[in-house]
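Engineer: With the UniProt record's numbering applied, the sequence shown corresponds to residues 1 to 278, in that order.
Here a beta-carbon is modelled for each residue, glycine too, at the ideal position from N, C-alpha and C.
Mind having a look at this structure? Questions to follow.
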Amino acid sequence: MSLWIILPVSLPVLTITGTWVVYAMALYNQHVCPVGNWLYNQSCEEELFLQSGPTLCCTLDNVPLISKCGALPPESCFFSLICNTGSFMVMTIVLLRYAHVIEKHQNCVLNTASLSTGWICAAGLIVLGNFQVDNAKVLHYVGAGVAFPTSMLFVCLQSALTYRIAKTQGEYNVAHLRLCLTLLAFVALVLSGVFFCQESFVLQHTSAIFEWVFCVIVALFYGTFAFEFAGMSGDTMALLARGGALRPAGREHNVDTLGGPGPHSQPHPHPPEYVTRL
């Protein structure tokens, strides 16, 4: 089994564990309200971090959205670190997946589009993580507006690509798994966006929950690349070093058909033109 499998496995572990640590820190510092809290007020007499007691007065400023959990220090520092590390891992996984498809099959529009979409998503994740919503709201929302839709588009493209290149039953099973994750991610993203635009406290809180669900599903989707990365070899890195210049599948067969080396091939009566010119 290839050691490359560690990369897609570690990404969901890092992102899911890291974001929940950030949430726990924000909850401990009373920067957000608990996920289990459904009681909100229009305003509070005291800020949340000044309150005490079993019942907290929460407003829309304390909804436990992922961005709000990583908005204030010290958890904002860990949030930026996780986003930066996660974006680098996303770029690496997407690039290796792109090369692996070319190595085992051949390049196609879906593969190239997935590479571009994955890298754009990683760029949006960097902006989202380094410009907190309370300090640079416009840039933060720009990063979120890039990262969330492109991550959804990436999982859609990869699901379609998996079906296209699948040949064995195991590969079709992986395709089915990715399709299920894609559908769940799409539903979670749509509901999160719709509820986020509402003024209702309950719907805002529901939006935060679906946002967490969406991020967990996408992280698990990246983890499914462990199936392909388990058989990855050093040839994939050599392919990247050559800039993706690899013969398409079936090239050797075409060479034989045209009279190349083979048991039934006939030698050419005259040397090739390029040899004559030399």
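1) Leaving out five residues on either side along the sequence, give the residues of the same chain with a beta carbon under 7 Å from the beta carbon of I120.
2) Quick check on C215: buried or exposed, where buried means 16 or more other Cβ atoms within 10 Å of its Cβ?
3) Would you mind stating whether A185 and I209 have Cβ atoms separated by less than 8 Å?
4) Is the beta carbon of L157 sitting closer than 8 Å to the one on L220?
5) Which complete beta strand (DSSP E) runs does the region 182-255 hold, if anything under 3 residues is left out?
6) Determine the DSSP secondary structure at N29, reduced to helix, strand or coil.
7) Which one of P12, P73, V194, C108 has the shortest CA to CA distance from R164?
8) Return helix, strand or coil for W38, following the three-state DSSP convention.
9) Between the region 29-42 and the region 82-90, do at least 3 Cβ pairs fall closer than 8 Å?
10) Helix, strand or coil, according to DSSP, for L139 in the structure here?
11) Give the straight-line distance between the Cα atoms of M237 and T117, rounded to the nearest whole angstrom.
12) Three-state secondary structure (DSSP) at W119?
Structural biologist: By the coordinates alone:
1) V146, T150
2) buried
3) no
4) no
5) none
6) coil
7) C108
8) coil
9) no
10) helix
11) 21 Å
12) helix
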